[in-house]
Each structure stands twice: as structure tokens, then as C-alpha cells.
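K.L.:
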């Protein structure tokens, strides 16, 4: 991250004192934000983990701490193979050899040089794709001379593999002739999406972080495999073969663990001088924490530090403990009259319930957070 100029010395102390006067009415709560990004590319569990970890934007595959986190995961859109494909003569036909005479392409489609077609659930329009891509698919079964019944298959296959499956189990890859056909078939579906939960030596663990949250479907965990998906609609967890290909969810938050050893004031200046490569509107501050779930979550990042304790934005000034961002002070066990040398707050790997105080001149890692 880039650095900007920062206030220091007496100006910084004055700023903190002014903040003390305003913090009693600010009422700022938790500053921790979590983000879950649904990626519709179909990958194996390990490939999905690498995708999230190799990105400079995400932390890892999704880790879920509580049910409210699931509410942040929107995973309802999907792409699925249809029977539509292009002949060597460049004519588009259906898998059952019906001529494609209904122009239902999305705008500017077909445009990718693909010879097979998908339908996208959010707009029910057709897009060309590489036939070797792995996707879910629709099969149809004939009922009467012209009536078709559609079945969504939440397995990831290439177009040819999907065609073979449909012909063996149903009748063929789906033919959609009208809007009514699409309205019957392309509806909200419940399909597996990779999370970071997996079995490691007989123990279920998340790809990163510490969480005991599980929301197993009935009869789970089963013996289907060592990796875990979450259903896109019901948000229930199931075991899967790790080599299966599914869409996945990457996870990030707004915390920045700085593994540099600095005094409390240096840490404060460092956080305020950070800038984001993604948004010029983001600013950074030394982290404030609230008791309970907020504290428990932040400890996951504290455990990654190179020091046993990390600086937080807690400071004793003018006879009061305050968070430098004006957040509400909800910890009730802090001393009313601390020793002169112990006027700064830390989060400790060995204290899961509260903040601790120490000498502001000591040097350690620290936690910043971003905000608008």
C-alpha cells in the first residue's frame, strides 16, 4: 500500500483530545466489515482456494462464522448449458437437430467464438461459450409429441459430457423454443458452491481462520468427499469430492494486519497514512473493537501476528479510555486510574474476552481497518 503524509507530535495529541470531546456522542459501533464474493467460474476446491488466495483483493475461500454471514452470500445466479450449438457450417441448431429459429441471444451475442450456448438465469438469454467449459446444464424429457419437461442438473460438465448424460438419463440436452419454455425451466435453483470448509486429518477445518460454525444438511457430513459446499439457496452444507467443479465464494474483510513493530503512536500514524489501490475514498484508522462477536472475529487476525499482542486504537487521555475513532467504549474492566506507563491498548492472543493495556512506547504489530 502507498503512504501519505501524516500528522504527528503535539498536533496528534491535540487531535486525540478533540476526538475525546466528540466521542461521547458519536456512538460508533463495530467497524469490522466482511464481504463474500460469489465467483461463477467452475473450479475444483483446490483451484478455487488458489484463486482466492492468489488475488490481492481476497483473503481466502469463504469462512462462515455465524448464520448472519450466510445472509451476506448472494449466490442465486447461474449459467447452464443448453442443447444449442453451432454446426461446422456455422448454423446454430439444437442437440435434437431442431433448427434454431428463435433469436433469443443476449445483446451483442454470439460474440466469443464459442460453438456451444448457455442460458444465463438472471435474464434467460443465450450466450456462446467454449464447449469445453465446465457448467451446470439442463436436460429435457419429451411428454407427448411437442411437450418438454426440463430438469436442472447441478453437476459440472463440458457440453459434450452434458449431452451424453442427458441422452442416457433423460432424452437430450434442453431445447428451448419459447419464453414459456424458459419460464418453466430457467428458474431459481439450489446448487452447490464451494466454501473453505474441508476435512484435514479427520478434522473439519476452514481454509483460514477459526470458526466452529457448521450448518450441515440432513445426513451430513457424509462420505462423499473431504471438501464442503454450501447450497446456493438453502445455505446448507454438504460434503463433496474435492475434484468436483463448482462455483465458489471468496472472502475478504476491511482489516489490515501490519507485521511491522512500531510504538502505539507510530502505528496510529502508519494506519492513517495508508491508501488503497482500489479506491481513493478509503481511509484507514487504528482498529477499535467491541466485546463479543466483534472481538472473537478480530482475534482470528491477531493470531496471524508475529507478536503476542497487537496495538489497537485504545488510548487513555484526560482521565478517560477512548477509541481514537470515536467508537463507543463498551469494555467495563479497564482501570479507572492506570499506571502512567500503561495508557495504550492491545489485543492479546491469550485474552479472548477483553483488551489489555501496556506501555505506549513498546513496539509490536498492529491492526488497521479501512472505512469511507
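In mature numbering (1 follows the signal peptide of the UniProt record, and there is no 0), the protein residues as written are -27 to -1, 1 to 345.
All C-beta atoms in this analysis are idealised placements derived from N, C-alpha and C, irrespective of residue type, glycine included.
It should be emphasised that the depicted structure is a prediction, and the values quoted were computed from it without experimental measurement.
#1: To the nearest angstrom, how far is it from the Cα of residue 234 to the Cα of residue 251?
#2: Suppose you measure from the CA of residue 261 to the CA of residue 276; what does that come to, to the nearest Å?
#3: Are the CB atoms of residue 94 and residue 130 within a distance shorter than 9 Å?
#4: Would a C-beta distance cut-off of 9 Å place residue 221 and residue 167 closer than the cut-off?
#5: When you compare only the Cα positions, how much space is there between residue 194 and residue 122?
#6: Cα separation between residue 11 and residue 226?
#7: For a minimum of 4 consecutive residues, which ranges assigned as the alpha helix (DSSP H) are wholly contained in the stretch 52 to 101?
#8: Taking the beta carbon of residue 293 as the centre, do at least 16 other beta carbons fall within 10 Å, making it buried, or is it exposed?
#9: Residues in its own chain within less than 6 Å of residue 140 by CB, not counting five upstream and five downstream?
#10: In whole angstroms, what is the alpha-carbon distance linking residue 181 and residue 170?
#11: Within 10 Å of its beta-carbon, does residue 313 have 16 or more other beta-carbons around it, so buried, or fewer, so exposed?
#12: If you reduce the DSSP assignment to three classes, tell me which class residue 135 lands in.
#13: Runs of 3 residues minimum, wholly inside the stretch 253 to 309: which ones carry the beta strand (DSSP E) assignment?
#14: So does the stretch 44 to 59 actually touch the stretch 8 to 22, counting three or more Cβ pairs closer than 8 Å?
#15: Pick helix, strand or coil for residue -23, following the three-state DSSP scheme.
#16: Which one or two residues does DSSP pair with residue 318 in a beta bridge?
#17: Could you tell me which residues DSSP pairs with residue 202 in its beta bridges?
#18: Can you pull the DSSP bridge partners for residue 36?
#19: For the alpha helix (DSSP H) that residue 129 lies in, which residues bound it at each end?
#20: Quick check on residue 339: buried or exposed, where buried means 16 or more other Cβ atoms within 10 Å of its Cβ?
#21: From 26, 28, 38, pick the residue whose C-alpha is nearest to that of residue 183; which is it?
#22: List the endpoints of the continuous beta strand (DSSP E) containing residue 150.
#23: Can you tell me the Cα-Cα spacing of residue 65 and residue 218, whole angstroms?
#24: Among 211, 190, 206, which has the Cα closest to the Cα of residue 200?
#25: Could you spell out the range, first to last residue, of the alpha helix (DSSP H) harbouring residue 25?
#26: Rounded to whole angstroms, what's the CA-CA distance from residue 143 to residue 96? Just pull it up for me.
P.N.:
Judging by the given coordinates:
#1: 26 Å
#2: 17 Å
#3: no
#4: yes
#5: 32 Å
#6: 15 Å
#7: none
#8: exposed
#9: none
#10: 9 Å
#11: exposed
#12: helix
#13: 256 to 259, 282 to 290, 293 to 296
#14: yes
#15: Low local confidence applies: a pLDDT of 39 at residue -23 is under 50, so the model's placement there is unreliable, with the coordinate-based value given in what follows. Three-state result, residue -23: coil.
#16: 330
#17: 167, 211
#18: According to DSSP, which records beta bridges pairwise, residue 36 is partnered with nothing at all.
#19: Run containing residue 129: none in the alpha helix (DSSP H); it sits in the beta strand (DSSP E), 120 to 130.
#20: buried
#21: 38
#22: No beta strand (DSSP E) holds residue 150; DSSP gives it neither H nor E.
#23: 28 Å
#24: 211
#25: 18 to 27
#26: 26 Å
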